[in-house]
Amino acid sequence: MKKNYIWLLLLLLVTAGCQQAAGEEETKELTLAHNQPTDHPVHLSLTRFAELVDEKSDGELVIDVYPNGELGSEREVIENTQFGTVDIAKVSASALEGFDPIYSIFSLPYMFESQESFKQIMANEEITDEIYLNTTDIGFRGLTYYDAGVRNMYTKDRIIESAEDMAGLKTRVQPSRTSVQMIEAIGGTPTPMSYGEVYTALQSGVIDAAENNETALVNSSHGEVAKNYFFTEHAIVPDMLIMNDEMYSDLTEEEQQVIEEAAEESTEYHEELWAEMVEESVTIAEEEMDVTFYDIDKQTFIDAVQPLHEQFQENPDTADIYSRIKEES
Ligand code: GCU
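Sequence positions in the sequence shown follow mature numbering (1 follows the signal peptide of the UniProt record, and there is no 0) and run -21 to -1, 1 to 308.
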């Protein structure tokens, strides 16, 4: 009897050992949600991110990418990333404004003088760390950003030559307070809504105009309905890669390193891809969708939004980041 007992104990120990060994090799699967179609440069860069994570972790970390807003609107996936039902999400910095006012700096029109100065700021780790780590207490952290170009106005019918021509124009903006204030400041009527609703809203006349980078015309087919695109160049709003903070903290140091490196390298990969695909979008929109591109004098727009800059300088939530970016630009 005693002998049998010892055998049983030995068997249990061996089984536990095997389970642990199997456990060590177990893969960790992480979900990544975003709202762009699979031919969009951001999707390609996120796929690259997943590949890099796979390579660098020898298949131990697996990222499952869910495109097309399959896991919800940007607002919903940010909430789900906070609670950990989504592990990683790619969302516009404008969508993050409702969760942490530090992100509103990106929606402030004419905050950055040029794309070069924007990139210089995003390469400054002191500034980006301040932003990325500011949300750990509300459940997520920033990992990196992806260039989302420059945002411009586009309309179904109206031709815009100056800010006065925006009067009363029903313009879709991202669900961000600063974006709403921007359209109000230039005289339009802001209509915040999530990205997935914009095409139908333009088509049905719920809105007359929207604002985004050039890829929206082609990848999201907005150019089928909006035929006039104006280079107002009013905002440089990056896409952000965010991760549930508890999930990040539960990873080993090596795994965290893998995620960080893959994030950074995918941002570099995205850089070249982005420039090419913006150019390609303009050609397709012009040649196949009959969209006309207009260069316009931006000064009336810049003047109209000056009160917003004053507001940012005075608001304690944004004053510090505003002056840091201005000093470093
Ligand atoms: C950009 C951005 C998206 C965002 C969209 C919008 O395309 O990459 O993340 O949803 O703008 O205007 O809502």
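For each residue, glycine too, the CB sits at the ideal point set by N, CA and C.
Would you call Q278 buried or exposed, if buried means 16 or more other Cβ atoms sit within 10 Å of its Cβ? exposed
Between which two residues does the beta strand (DSSP E) carrying Y178 extend? Looking at the DSSP string, Y178 is not in any beta strand (DSSP E); the run it does join, the alpha helix (DSSP H), is 177 to 183.
Option nearest residue 366 by Cα separation, candidates E8, G202, V32: Outside the shown range of the chain, which is -21 to 308, sits residue 366, and nothing can be said about it.
Proximity of residue 357 and D79 at Cβ, strictly below 8 Å: A query on residue 357 cannot be resolved here, the shown segment of the chain reaching from -21 to 308 and no further.
Alpha carbon to alpha carbon, how far is Y301 from K69? 24 Å
Starting from the Cα of residue 311, find the closest Cα among Y174, N223, M90, E193 and give me that residue. The shown model of the chain, from -21 to 308, leaves out residue 311, and the question about it has no answer.
For a test of your reading of the model: does the CB of D218 fall under 7 Å from any non-hydrogen atom of the ligand GCU? Yes or no. yes
Expressed to the nearest angstrom, what Euclidean distance is found between the alpha-carbon atoms of G51 and E39? In a straight line, the C-alpha of G51 is about 27 Å away from that of E39.
Ignore the nearest five residues each way along the sequence and tell me which others in G2's own chain have a CB closer than 6 Å to its CB. Note that G2 scores 48 on pLDDT, short of 50, meaning its location in the model is unreliable; the coordinates nonetheless yield the value given after this. In its own chain, leaving out the 5 sequence neighbours on each side, no residue places its CB closer than 6 Å to the CB of G2.
On the premise that K149 lies in contact with A205, defined as a C-beta separation below 8 Å, what is that separation, rounded to the nearest angstrom? Incorrect: roughly 12 Å between the Cβ atoms, too far for contact.
Cα-Cα, which of A127, A146, E49, Q290 is closest to L252? A127
Leaving out five residues before and five after E49 in sequence, what residues of the same chain have Cβ atoms less than 8 Å from its Cβ? Taking C-beta separations shorter than 8 Å and ignoring five residues to either side along the sequence, the partners of E49 in its chain run A12, following chain order.
On the CB-based measure, 16 or more other CB atoms within 10 Å of its CB, does Q61 come out buried or exposed? Taking a 10 Å sphere around the C-beta of Q61, we find 16 or more other C-beta atoms and assign the residue as buried.
Can you name, in chain order, every residue of its own chain whose Cβ lies under 8 Å from the Cβ of P16, other than the five neighbours on each side? H22, P46, N47, N198, S199
Are there 16 or more other CB atoms within 10 angstroms of the CB of N223, so buried, or fewer, so exposed? buried
L196, buried or exposed, once every other Cβ within 10 Å from all chains shown has been counted against 16: buried
Which of the three DSSP states is assigned to Y301 in this structure? helix
Touch test, the stretch 137 to 157 against the stretch 71 to 85, Cβ-Cβ under 8 Å, three pairs minimum: yes
Within the present structure, is the beta-carbon of A127 separated from the nearest heavy atom of the ligand GCU by less than 7 Å? yes
So what's R120 in DSSP terms, helix, strand or just coil? strand
Can you tell me whether DSSP reads T279 as helix, strand or coil? helix
Give every residue of the same chain whose Cβ lies closer than 7 Å to the Cβ of Y89, excluding the five residues on either side of it in the sequence, and list them in chain order. Cβ neighbours of Y89 beyond the five flanking positions: H213, I281, V284.
Start and end of the alpha helix (DSSP H) containing T157? 156 to 164
Consult DSSP for Y227 and reduce its assignment to one of helix, strand or coil. helix
Neighbour-count burial assignment, S228, 16 or more Cβ in a 10 Å radius: By the Cβ neighbour-count rule, S228 is exposed, with fewer than 16 other Cβ atoms within 10 Å of its own.
Could you give the distance in angstroms between the alpha-carbon of E307 and the alpha-carbon of T297? 16 Å
In or out: Q153 buried (at least 16 other Cβ within 10 Å) or exposed? buried
What is the rounded straight-line gap between the Cα of residue 328 and the Cα of K7? This structure does not reach residue 328, given that the chain is present from -21 up to 308, and the question cannot be answered.
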